[in-house]
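Chains as they are written, first to last, in the numbering used here: chain A, 1 to 405; chain B, 406 to 655.
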């Protein structure tokens with residue numbers, strides 16, 4: 001029998017019992033709907049975390065000193081003091097793929113200014129740091145080449161510092177003392193929020209590294225150099241380039257191990273999204289339980305239907321239907337029912353995701369392939385749970401089926 | 406020999422063989438029915454006529470013996486092959502009509518064509534309509550069984566049996582659920598079809614109905630007790646006219 005005819009017959013028999021069909025499909029509708037909503041919430045969380053990581057600058061590469069070894073004993077990461085401003089200059093001079101480079105000097109410092117005092121992190125960076133981090137000011141301005149060259153005592157402060165020292169006033173143009181050195185606040189950094197590791201990225205003061213070095217830092221080495229590429233595609237090339245330039249700058253021979261560690265944010269992003277993937281899978285797995293329960297509902301109804309339609313099966317067999325034809329008919333019926341249920345479930349899932357988003361403010365995201373997956377899954381449920389009843393129908397004896405009252 | 410539709414030799418149907426509860430429903434039957442015959446198989450319940458009907462209808466396989474239907478040996482076929490034989494060679498008419506509920510007359514008649522594997526293609530709907538016109542239901546095509554009288558339902562069932570142009574129409578107590586007048590109407594239709602050359606075998610226990618047939622095969626205890634032609638065969642159409650005339654007069 002042709003497929004279109006089979007589907008036609010299945011459709012008719014489904015329509016004959018509208019209420020029962022609807023109740024049967026309800027299991028699949030709820031199952032598919034739940035899977036879609038759960039995955040949407042999971043994907044939403046994932047993309048929010050991704051956004052947060054992108055906030056850090058996804059193209060950012062962080063270079064830190066590697067391990068030094070003393071008499072064969074490794075002293076661990078950061079024990080080498082080999083990262084200096086010379087390396088920074090070498091990167092600035094020789095890099096092609098790396099578009100922006102900035103040293104990253106850092107210290108804790110007591111601030112005095114505005115309404116009191118506050119202890120926070122002070123960073124010394126170059127003008128390119130703002131580009132690398134994709135960071136701008138909400139008021140005032142960033143420092144420029146001239147500020148950097150002339151070692152002007154200018155500072156950018158984060159929102160948390162503003163909240164603690166300059167509540168209700170405009171800090172731009174005001175004086176702040178960092179470790180008793182007076183600086184002029186020239187800008188307020190836009191809010192970044194928490195980093196993925198939970199630190200407050202807005203609790204910060206940024207100054208030109210030249211000023212930092214002259215006024216706040218004493219040591220000749222720098223703890224980090226940050227740099228970035230124009231696009232995420234070039235990250236690997238950028239990391240390779242940084243490694244080559246620094247090996248040359250440190251005059252390492254072929255066999256010497258690297259003395260710096262080069263990492264990028266994309267790796268961190270992958271790790272973080274791995275976590276949310278696990279969460280999404282977990283949510284989907286819990287939701288699939290209802291899909292299985294829905295499938296059992298279909299099986300139940302199909303079994304009832306086979307018993308109820310024993311005579312119909314007998315008639316069909318008497319006029320020439322083979323067992324296979326009967327089996328196919330019932331199988332198609334349960335598949336059609338579960339696919340229609342799946343389609344409604346997808347609509348319900350979309351609707352519920354929108355409601356969840358509106359009510360909780362969580363971001364939700366429905367990947368288009370989820371629609372295909374859920375449809376395939378509900379068809380699978382139809383086949384799996386429709387098989388046994390269909391077999392039962394196919395194995396009926398036509399004589400007994402015809403006599404069935 | 407080509408004119409022999411049914412040829413049965415040494416036929417046995419034994420349930421629970423070699424056990425104490427062994428039942429020999431058919432206990433050695435030879436029977437030959439030629440094309441154009443109109444045969445009633447009669448007998449009380451337990452006589453073996455239902456088992457005979459099932460075997461002849463290819464719904465069941467005999468335990469022993471040979472069965473040639475329309476020149477084809479069918480006693481040793483598989484379930485699927487039997488289904489194909491039923492589809493192409495036999496048209497069934499049942500006591501309880503056995504139409505699909507909530508399905509229009511045309512779709513009911515179309516049903517056997519849906520399972521046709523012989524490759525005879527064509528407009529199945531047009532074929533179904535023609536069969537319904539043949540039984541006088543050309544104006545009831547889209548009616549469902551619940552909207553039809555018993556006689557009309559049985560006509561739909563007869564149209565369904567006719568639609569595949571089978572070698573044999575096999576009717577199992579076709580008038581059992583009908584009142585006398587409708588029974589005669591249905592018999593008139595069967596006689597009309599038989600006049601067109603269609604072979605009809607009917608299982609019945611009503612002697613009145615058997616009088617409309619051409620030959621009576623009577624079974625008892627699994628064997629044929631009597632196989633006789635009907636001498637004073639009744640004409641259903643004439644009987645109907647007579648009844649109408651009597652009703653007018655009364």
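Built from N, CA and C at the ideal position, the CB exists for glycine as well.
Keep in mind that this is a model prediction, so the values were computed, not measured.
Cut-off 7 Å between Cβ atoms - residues of its own chain near residue i, not counting five sequence neighbours on either side
{"i": "residue 406 of chain B", "result": "Residue confidence for residue 406 of chain B is low, a pLDDT of 44 falling below 50, so the modelled location carries little weight and cannot support an answer."}
{"i": "residue 330 of chain A", "result": "302, 306, 386, 389, 390 and 393"}
{"i": "residue 563 of chain B", "result": "498, 540 and 594"}
{"i": "residue 220 of chain A", "result": "84"}
{"i": "residue 628 of chain B", "result": "432, 433 and 434"}
{"i": "residue 480 of chain B", "result": "466, 467, 470, 471 and 472"}
{"i": "residue 517 of chain B", "result": "492, 565, 568 and 569"}
{"i": "residue 11 of chain A", "result": "336"}
Unbroken alpha helix (DSSP H) run spanning residue i, endpoints
{"i": "residue 590 of chain B", "result": "585 to 600"}
{"i": "residue 357 of chain A", "result": "323 to 360"}
{"i": "residue 215 of chain A", "result": "209 to 215"}
{"i": "residue 154 of chain A", "result": "Looking at the DSSP string, residue 154 of chain A is not in any alpha helix (DSSP H); the run it does join, the beta strand (DSSP E), is 154 to 157."}
{"i": "residue 514 of chain B", "result": "510 to 519"}
{"i": "residue 4 of chain A", "result": "3 to 16"}
{"i": "residue 151 of chain A", "result": "That residue, residue 151 of chain A, is in no alpha helix (DSSP H); it is neither H nor E in DSSP."}
{"i": "residue 653 of chain B", "result": "641 to 654"}
{"i": "residue 313 of chain A", "result": "310 to 318"}
{"i": "residue 538 of chain B", "result": "529 to 539"}
{"i": "residue 489 of chain B", "result": "484 to 494"}
{"i": "residue 401 of chain B", "result": "Residue 401 of chain B is absent from the structure shown; chain B starts at 406 and stops at 655."}
Endpoints, beta strand (DSSP E) assigned at residue i
{"i": "residue 631 of chain B", "result": "628 to 634"}
{"i": "residue 435 of chain A", "result": "Limits of chain A in this structure are 1 at one end and 405 at the other, which puts residue 435 of chain A out of reach."}
{"i": "residue 230 of chain A", "result": "Residue 230 of chain A -> no beta strand (DSSP E), and no H or E assigned at all."}
{"i": "residue 263 of chain A", "result": "260 to 264"}
{"i": "residue 65 of chain A", "result": "60 to 65"}
{"i": "residue 182 of chain A", "result": "181 to 189"}
Residues that residue i bridges to, as DSSP identifies them
{"i": "residue 289 of chain A", "result": "DSSP output for residue 289 of chain A lists no bridge partner at all."}
{"i": "residue 447 of chain B", "result": "B:623"}
{"i": "residue 414 of chain B", "result": "B:471"}
{"i": "residue 110 of chain A", "result": "A:119"}
{"i": "residue 221 of chain A", "result": "A:84"}
{"i": "residue 497 of chain B", "result": "B:575"}
{"i": "residue 100 of chain A", "result": "A:228"}
{"i": "residue 204 of chain A", "result": "A:121"}
{"i": "residue 477 of chain B", "result": "B:474"}
{"i": "residue 105 of chain A", "result": "A:124"}
{"i": "residue 161 of chain A", "result": "Paired residues: none, contrary to the question."}
{"i": "residue 409 of chain B", "result": "B:439"}
Per-residue DSSP class, three states only, for residue i
{"i": "residue 88 of chain A", "result": "helix"}
{"i": "residue 194 of chain A", "result": "strand"}
{"i": "residue 453 of chain B", "result": "coil"}
{"i": "residue 435 of chain B", "result": "strand"}
{"i": "residue 464 of chain B", "result": "coil"}
{"i": "residue 94 of chain A", "result": "helix"}
{"i": "residue 563 of chain B", "result": "helix"}
{"i": "residue 420 of chain B", "result": "strand"}
{"i": "residue 124 of chain A", "result": "strand"}
{"i": "residue 133 of chain A", "result": "helix"}
{"i": "residue 637 of chain B", "result": "coil"}
{"i": "residue 140 of chain A", "result": "strand"}
{"i": "residue 177 of chain A", "result": "strand"}
{"i": "residue 606 of chain B", "result": "strand"}
{"i": "residue 271 of chain A", "result": "helix"}
{"i": "residue 284 of chain A", "result": "helix"}
{"i": "residue 428 of chain B", "result": "strand"}
Close Cβ partners of residue i (< 8 Å) along its chain, the five nearest in sequence each way excluded
{"i": "residue 357 of chain A", "result": "44, 363 and 364"}
{"i": "residue 374 of chain A", "result": "32, 35, 36, 342, 345, 346 and 349"}
{"i": "residue 175 of chain A", "result": "113, 182, 183, 184 and 185"}
Close beta carbons around residue i, own chain, < 6 Å, minus the five adjacent residues each side
{"i": "residue 234 of chain A", "result": "97"}
{"i": "residue 295 of chain A", "result": "381 and 385"}
{"i": "residue 606 of chain B", "result": "444 and 575"}
- Query: Fully enclosed by the region 368 to 402 of chain A, which alpha helix (DSSP H) runs are 4 residues long or longer?
  - Reply: 368 to 394
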